[in-house]
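These notes are about the structure you will find just below.
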Amino acid sequence: MNERPRSRLQGLDGIRGLAALFVVLHHCWLLSFPGYPANTGPWWLGWLQYGHFSVAVFITLSGFSLAVSPARNGWRLGGGARFAHRRAWRILPPYWAALVFSLLVAWFVVAQPGTAAPTAKSVLVHTLLLQDVFGSPSPNGAFWSIAIEAQLYLVFPLLLLLLRRLNAAAMVGAVLVVVATVGILAPRVSIVDDLMRFTPQFAVLFALGIAGASIVSAPERIRRLPWHWFAGLAAVPPVVLIVLLGPVWTVGHFFWVDLAFGPAAVLLLAAVATHRPVPLVRLLDTRPVRSLGSFSYSLYLVHAPIVVAIASLVVAPHLGTGLRALLVTLALAVPAAVLAARGFAAIFELPFTRYRSWPLLRAAIRARLTRGPASVPAADAPPAQVPAQPAEAGEPAVRVSEA
C-alpha cells in the first residue's frame, strides 16, 4: 500500500484564520454593548458574545496540529529539546513583539478596558508568560490564553508518552479524570478553586486534539466515516444548553460547557482533515481564508489594542454604545486589525516559520538586504498547526493555536 502523502492538511489554516477573526468581532461587540455576560444588544447578534469558544477551538487545533507529525511516526516526538526549541522559536518572537506594541499603546494611547495601565510587574509576568499565575494589569486582553497554551506545551511530551504506552482513550481519560476532579472540588475547596485560573478544561481539549490527530494515519475505512455528521451531532448538546440557559449561565459555567464542546471541535478537525464536507474544505482553502490563517497568530496578538483604541477614542466619543457604534467599530477596527496584523506578521511571525534557526534567518536577511537570492534554503514549513495561536492562541494558539 502506498504511504499517504504528508502534505499540508487543507482547511486547518482556514479554521485558524476564521477563529481569530471571530475573536476580533467578539471584542468589537464587547466594547459596543456593555454589561457582559448579559446580552444588552440585539438578540440576533447574541452569537458574538461567545468569542471564548474560538480560543477553545485554538487549543484543540493546537493539540491536533502538534500531534500530526508524531501520529505519522509511531507517536514519537523526535526529541524533547528539539520540540521545546521549535515551539519557543515559533511562539515567542511575535509574542514579545506584540507585548511591546501592547505596552506602548496601553501607556501612551489607551489602557485595556476594566484595568489600570500596565506596571513593571505586568511587564515581568507577561514577558515570562506567567500572567495566569500572578495577577497584574494586562496590556492586552487576548494574552491570557498564550500563557495557557505555553503551559500545555510542557505536558505535550507526557501526553504523547501516555498515548504511545497505552492508547488515545486512556490518555484522554486520564486527563479528564484529573480535570473533572478539579471542577467538582473547586466550589468546595479554596486551594483547588485557585487552579481554575489556569482554565484546566483546556487540558482536556488539548488532549482531545492530540488524540484526534490519529486520523491522519488511520486505515481508510476509518477515514471514510462521516466525521462531519458526528461533529454536528456532538455539537447539539452544548448548543442546546447555550440557547436554553443563556449567556450569563454559559459564561458562569464555561468549565463544563467547554468540556461538552470539545468532542464537536475535534470531530470537526477530523472531518476537515479527511476533506469533508467538501464545500466547507473548499471554502476554508480559498486563497483569502487561507491567507488569513497564515497570519492568524499575529491577528490574535495585536488586534485587542487596535480595537480598543478605535472603539474608545474614535467611535465612543461620537456614538457612545449600541448598534450604530458596533457597525462603525466593525467597519473601522476589523480592516485596521487585519492590515496591521498582516504587516506585523511579515516582520515578526512569518520569518520565524520559514527559517528555523538564527543562522538561517540571518542568511535570509543578508540575502534580502543585498537583493540576492537566499544562500540557504528555508526549513520545511511546519505541518498545519496560535494567540493562537495564543496558539499552532492563539498555538496561540490561536496561529494562536499553532502552535
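This note's numbering applies: residue -4 is where the sequence shown begins, and numbers increase by one.
Ideal Cβ positions, reconstructed from N, Cα and C, are used throughout, including at glycine.
Cβ-based burial, residue i [other Cβ within 10 Å; buried from 16]
{"i": "LEU364", "result": "exposed"}
{"i": "ARG219", "result": "exposed"}
{"i": "VAL238", "result": "exposed"}
{"i": "ASP8", "result": "buried"}
{"i": "ASP189", "result": "exposed"}
{"i": "TRP224", "result": "exposed"}
{"i": "GLY12", "result": "buried"}
{"i": "VAL177", "result": "buried"}
{"i": "ARG183", "result": "exposed"}
{"i": "GLY73", "result": "exposed"}
{"i": "SER293", "result": "buried"}
{"i": "GLY136", "result": "buried"}
{"i": "HIS313", "result": "exposed"}
{"i": "SER370", "result": "Note that SER370 scores 46 on pLDDT, short of 50, meaning its location in the model is unreliable; the coordinates nonetheless yield the value given after this. When all chains shown are included, SER370 counts as exposed."}
{"i": "TRP353", "result": "exposed"}
Within 8 Å, strictly: CB atoms of residue i and residue j
{"i": "GLN196", "j": "VAL167", "result": "no"}
{"i": "ALA229", "j": "PRO258", "result": "yes"}
{"i": "SER27", "j": "LEU321", "result": "yes"}
{"i": "VAL309", "j": "ALA332", "result": "no"}
{"i": "ALA260", "j": "VAL95", "result": "no"}
{"i": "PRO132", "j": "PRO113", "result": "yes"}
{"i": "TYR295", "j": "VAL100", "result": "no"}
{"i": "VAL243", "j": "PRO32", "result": "yes"}
{"i": "PHE256", "j": "GLU344", "result": "no"}
{"i": "LEU98", "j": "VAL118", "result": "yes"}
{"i": "ILE205", "j": "GLY6", "result": "no"}
{"i": "LEU124", "j": "ALA145", "result": "yes"}
{"i": "VAL211", "j": "ARG67", "result": "yes"}
{"i": "ILE10", "j": "LEU56", "result": "yes"}
{"i": "ARG81", "j": "ARG351", "result": "yes"}
Residue i Cβ short of 7 Å to the ligand COA heavy atom set
{"i": "LEU308", "result": "Of the ligands one can find in the structure shown there are none, so the ligand COA has no counterpart to examine."}
Cβ of residue i within 8 Å of any chain B Cβ
{"i": "ALA340", "result": "No chain B is present in this structure, which holds just one protein chain."}
Check: Would you call the segment 143 to 155 and the segment 200 to 207 in contact, with 3 or more CB pairs under 8 Å?
Finding: yes
Margin query: Give the list of continuous alpha helix (DSSP H) stretches no shorter than 4 residues that lie fully inside the segment 96 to 151.
Written below: 115 to 122
Check: Hey, which unbroken runs of the alpha helix (DSSP H) at 4 residues or more fall wholly within the segment 35 to 99?
Finding: As far as the segment 35 to 99 is concerned, its whole alpha helix (DSSP H) runs of at least 4 residues are 47 to 66.
Checklist line | Segments of 4+ residues assigned as alpha helix (DSSP H) that fall wholly inside the segment 209 to 279 | finding: 215 to 218, 222 to 247, 249 to 268 and 273 to 279
Checklist line | Every unbroken alpha helix (DSSP H) inside the segment 153 to 213 [4 residues or more] | finding: Counting whole runs of 4 or more residues, the segment 153 to 213 contains the alpha helix (DSSP H) stretches 163 to 180, 185 to 188 and 196 to 207.
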